[in-house]
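Chemist: Protein chains in written order, with this note's numbering: chain E, 56 to 350; chain P, 56 to 350. Beta carbons are placed, not taken as given, at the ideal position from N, Cα and C, and that holds for glycine. Being a predicted model, the structure only gives us computed values, none of them experimental.
There are 2 protein chains.
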Amino acid sequence: MSIETRQLRYFVAVAEELHFGRAAIRLNMTQPPLSQAIQSLEDVLGATLFHRTTRQISLTAAGHALLPEAKRLLQQIESLPALSQRAAAGDIGELKLAFVSIADYSVLPPSLQSFRQRHPQVKIELHEATSDVQLQALEKASIDVGLLIPPIPDHLCSIIDYRRLRVEPLILAIAEHRRKRKAATQLQTYKDLPIVLFPRKIAPAFHDRILSCFQQRGLTPEISQEAIQMQTIIALVSADMGIALVPQSVSNLKRPGVYYQNLSDIQAEVEIGAAWRKDNESPVLKAFLNLLEEQ
Amino acid sequence: MSIETRQLRYFVAVAEELHFGRAAIRLNMTQPPLSQAIQSLEDVLGATLFHRTTRQISLTAAGHALLPEAKRLLQQIESLPALSQRAAAGDIGELKLAFVSIADYSVLPPSLQSFRQRHPQVKIELHEATSDVQLQALEKASIDVGLLIPPIPDHLCSIIDYRRLRVEPLILAIAEHRRKRKAATQLQTYKDLPIVLFPRKIAPAFHDRILSCFQQRGLTPEISQEAIQMQTIIALVSADMGIALVPQSVSNLKRPGVYYQNLSDIQAEVEIGAAWRKDNESPVLKAFLNLLEEQ
DNA sequence: TAAAAATACTCCATAGGTATTTTAT
DNA sequence: ATAAAATACCTATGGAGTATTTTTA
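(1) Would you mind reading off the limits of the beta strand (DSSP E) that contains V305 of chain P?
(2) Hey, quick one: how far does the beta strand (DSSP E) through S106 of chain E stretch, first residue to last?
(3) Pull up the DSSP beta-bridge partners for L202 of chain P, would you.
(4) State yes or no: is the beta carbon of A158 of chain P nearer than 8 angstroms to at least one beta carbon in chain E?
(5) With DSSP collapsed to three states, give me the class of Q111 of chain E.
(6) Using DSSP bridges, identify the partner residues of A299 of chain P.
(7) Against chain P, with Cβ distances strictly below 8 angstroms, would V339 of chain E count as a contact?
(8) Where does L181 of chain E sit, in a helix, a strand or coil, going by DSSP?
(9) Per DSSP, L252 of chain E is paired with what?
(10) Following the continuous beta strand (DSSP E) through Y315 of chain P, name the residue where it begins and the one where it ends.
(11) In terms of alpha-carbon separation, which member of P:L203, P:G148, P:I226 lies closest to A120 of chain E?
(12) For a contact meaning CB atoms closer than 7 angstroms, what does S57 of chain P contact in chain E?
(13) Residues in the same chain with beta-carbon distance under 6 angstroms from F269 of chain P, minus the five sequence neighbours each way, listed in chain order, please.
(14) Could you name the residues of the same chain whose beta carbon sits closer than 6 angstroms to that of E253 of chain E, not counting the 5 residues immediately before and after it, in chain order?
(15) Find the residues of chain E that neighbour S200 of chain P, judging by a C-beta separation of less than 9 angstroms, and give them in chain order.
(16) Name the DSSP beta bridge partners of V339 of chain E, please?
(17) Do you know how far the Cα of L89 of chain P is from the Cα of N335 of chain E?
(18) For a quick check, are the C-beta atoms of R332 of chain E and I257 of chain E less than 8 angstroms apart?
(19) How is R221 of chain P classed by DSSP in three states: helix, strand or coil?
(20) State the CB to CB distance for the pair R61 of chain E and E59 of chain P, rounded to an integer number of angstroms; the pair is presumed to be in contact (CB under 8 angstroms).
(21) The alpha helix (DSSP H) spanning V69 of chain P covers which residue range?
(22) Going along chain P in order, which residues have a C-beta closer than 8 angstroms to the C-beta of L100 of chain E?
(23) Just confirm the distance between the C-beta atoms of V325 of chain E and V292 of chain E, as a whole number of angstroms; I'd bet it's less than 8 angstroms.
(24) Say whether chain E places a C-beta atom closer than 8 angstroms to the C-beta of Q130 of chain P.
(25) Determine the DSSP secondary structure at D320 of chain P, reduced to helix, strand or coil.
(26) Is it buried or exposed, P302 of chain E, if we count other Cβ atoms within 10 angstroms and call 16 or more buried?
(27) To the nearest angstrom, how far is the alpha carbon of L100 of chain E from that of I112 of chain E?
(28) List, in chain order, every chain P residue whose beta-carbon is nearer than 8 angstroms to that of H119 of chain E.
(29) Of the residues E:Q140, E:E349, E:F75, E:F343, which one's Cα is nearest the Cα of V11 of chain E?
(30) With DSSP as the reference, please indicate the residues paired to L215 of chain E in a beta bridge.
(31) Mind checking which residues open and close the alpha helix (DSSP H) that includes I80 of chain E?
(32) Straight-line CA distance for P165 of chain P to L225 of chain P?
(33) Taking the DSSP output, what are the residues bridged to G148 of chain P?
(34) Just the C-alpha distance for K195 of chain P and A102 of chain E, rounded to the nearest angstrom, thanks.
(35) Return the residue from the list E:D247, E:L300, E:G328, E:E281 that minimises the CA-CA distance to L220 of chain E.
(36) Do you know offhand how far V67 of chain P's Cα is from L73 of chain P's?
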């Protein structure tokens with residue numbers, strides 16, 4: 056036998072009224088079944104809760120100890136519907152979000168800010184990761200959503216949905232003192248400088264997109280250094296290790312000695328989008344995707 | 056309609072098994088009523104808890120949010136019998152204890168120490184108070200027990216029980232330099248010195264007991280100063296304001312310049328006892344009284 | 001097509017009601 | 001004498017069982 060919330064409600068009513076008859080009225084029932092319910096509660100607890108005479112009743116020590124506990128528990132149980140509904144609406148919960156370092160300079164900050172504002176109770180778990188790591192994480196469902204650079208491999212298209220968020224042109228990051236005078240907007244101009252690049256292993260699509268810009272112009276640049284994060288690449292440019300092609304939004308990352316130059320002779324763009332599992336029913340995820348839709 | 060613990064138990068079982076059939080077996084019941092109970096729980100909560108296909112079920116966001124709450128609540132509800140039983144045994148609860156300052160040097164410390172040891176969960180509320188204040192407090196039931204100096208007034212004898220704890224001889228407290236050489240054990244020896252005394256208003260019984268010692272010997276001492284607490288009286292003796300008659304145990308209160316002298320020519324004693332309301336059923340009080348009994 | 005949840009119905013345990021007794025003031 | 005809790009007994013709601021249907025992987 057086990058304690059039911061009904062018994063706790065009855066106990067609280069009797070403890071507060073200190074009168075079985077009045078408590079029964081308050082509970083919309085008659086006195087005898089209330090007496091029986093309290094007796095059965097006392098049985099289960101293994102302690103008497105009331106000193107009874109037919110004229111007046113009072114709480115025993117066990118009753119005194121139980122009353123605040125019972126009230127607290129009842130209150131918490133009554134709050135469960137609200138809890139469930141808020142969870143179902145995506146107002147509470149958790150969002151595991153991964154992003155490529157580029158997103159850190161474009162889509163991520165405004166999205167995060169407005170999501171936090173609308174869903175302050177949602178715990179957001181952020182992971183910086185490359186696109187292929189994110190795709191693996193999505194495959195094993197260890198993240199809810201990834202902000203990454205396409206493509207989505209064919210074998211994952213059946214379980215993963217993707218939505219484009221932003222397309223940015225590539226621009227040139229170059230050490231200030233290497234800059235040619237008078238708006239040299241041609242990549243060709245800098246053909247003799249080595250380049251800093253993402254490793255092909257880590258981000259093959261992005262790596263190839265950049266190299267193809269050079270190949271289109273018949274250039275075969277020397278790769279002086281590889282780096283995984285945008286800020287490292289910019290740091291290397293600033294240290295005069297070479298030039299780099301980066302998404303336009305990275306120019307928000309100001310660094311002394313680094314100049315960003317739009318290019319006129321290449322059309323290369325880089326796309327960032329959101330990817331998530333088709334079978335992920337999380338209302339928090341839905342809320343996040345709705346918000347991305349709006350922006 | 057309201058949530059019953061039965062429904063929470065069912066939910067936890069299904070959420071852990073992720074299978075209605077197996078959960079039903081675990082709960083010693085059949086599957087259909089379990090499905091119905093979960094449905095009715097979902098109705099009350101206003102949220103669905105499981106994504107169901109006939110092949111497999113999984114928790115919704117609402118279910119995920121509810122599961123830890125439900126487990127916690129069930130655990131707490133299951134701990135209520137233990138709580139009630141400990142309260143009934145006096146192992147948890149509160150003891151409001153008042154004591155006269157004299158008790159602070161005799162009965163109180165050992166009693167408190169062993170009670171704390173046996174009932175570490177009991178919260179003890181200590182008040183230093185004179186006997187008459189304690190009796191008033193007992194009358195309006197604002198304390199559980201008082202350590203005081205008798206007598207109990209007649210009009211309270213019907214509602215208050217009393218038990219003698221200790222009887223101590225009165226001894227002389229005297230400034231070191233006033234002490235006559237060679238064991239002057241007669242009160243008479245010091246008849247010319249003024250005395251320090253409890254105010255009659257505050258502790259008439261104790262006041263009168265002390266004065267009667269002098270009167271027995273035909274002495275009428277000058278009262279130089281009155282004080283309510285033992286340590287104040289001893290401080291005044293040390294400041295050479297006069298001599299004092301104090302219970303023997305007060306000699307534990309060493310103070311430079313104060314000498315304690317047994318007296319051979321008086322028989323006066325002071326009694327300390329415990330008083331409590333007859334109608335106080337508190338198991339904590341019972342435990343405390345049992346312990347006093349032993350000592 | 002087969003495993004599992006939902007539905008339909010049946011039944012009985014027990015929550016709750018009515019009538020009465022007991023008890024303490 | 002009376003108010004109030006306990007007891008005895010009855011009723012009926014709804015929790016749980018059995019049989020069957022529906023669903024989807």
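Modeler: In this structure, then:
(1) Per DSSP, V305 of chain P belongs to no beta strand (DSSP E) and is neither H nor E.
(2) It is worth fixing the name first, because residue 106 of chain E is His in this sequence and not Ser. From DSSP, the beta strand (DSSP E) with H106 of chain E extends over 105-107.
(3) P:F154, P:A329
(4) At a cut-off of 8 angstroms between beta carbons, A158 of chain P makes no contact with chain E.
(5) Under the three-state reduction of DSSP, Q111 of chain E is assigned to coil, being neither helix nor strand.
(6) P:A228
(7) yes
(8) strand
(9) E:E281
(10) 313-316
(11) P:G148
(12) T60
(13) P276
(14) Note that residue 253 of chain E is Phe in the sequence shown here, rather than Glu. Cβ neighbours of F253 of chain E beyond the five flanking positions: F261, H262.
(15) First, the amino acid is wrong: residue 200 of chain P is Val here, not Ser. Here the premise fails: no neighbours, minimum Cβ distance about 15 angstroms.
(16) Answer by DSSP bridge pairing: none, since V339 of chain E is not bridged.
(17) Each residue's alpha carbon lies about 26 angstroms from the other.
(18) No.
(19) strand
(20) 6 angstroms
(21) 60-72
(22) L135, P136, S139, Q140
(23) In this structure V325 of chain E does not touch V292 of chain E by the C-beta definition: roughly 17 angstroms separates them, more than the 8 angstroms allowed.
(24) no
(25) coil
(26) buried
(27) 19 angstroms
(28) A142, G148
(29) Residue 11 of chain E lies beyond the residue range present for chain E, which begins at 56 and ends at 350; the question has no answer from this structure.
(30) Here residue 215 of chain E is Ile; the residue named in the question, Leu, does not match the sequence. Looking at the DSSP assignment, I215 of chain E forms a beta bridge with E:R332.
(31) 75-81
(32) Roughly 21 angstroms between the two C-alpha positions.
(33) DSSP lists P:V177 as partners of G148 of chain P.
(34) 27 angstroms
(35) E:G328
(36) One C-alpha to the other measures close to 10 angstroms.
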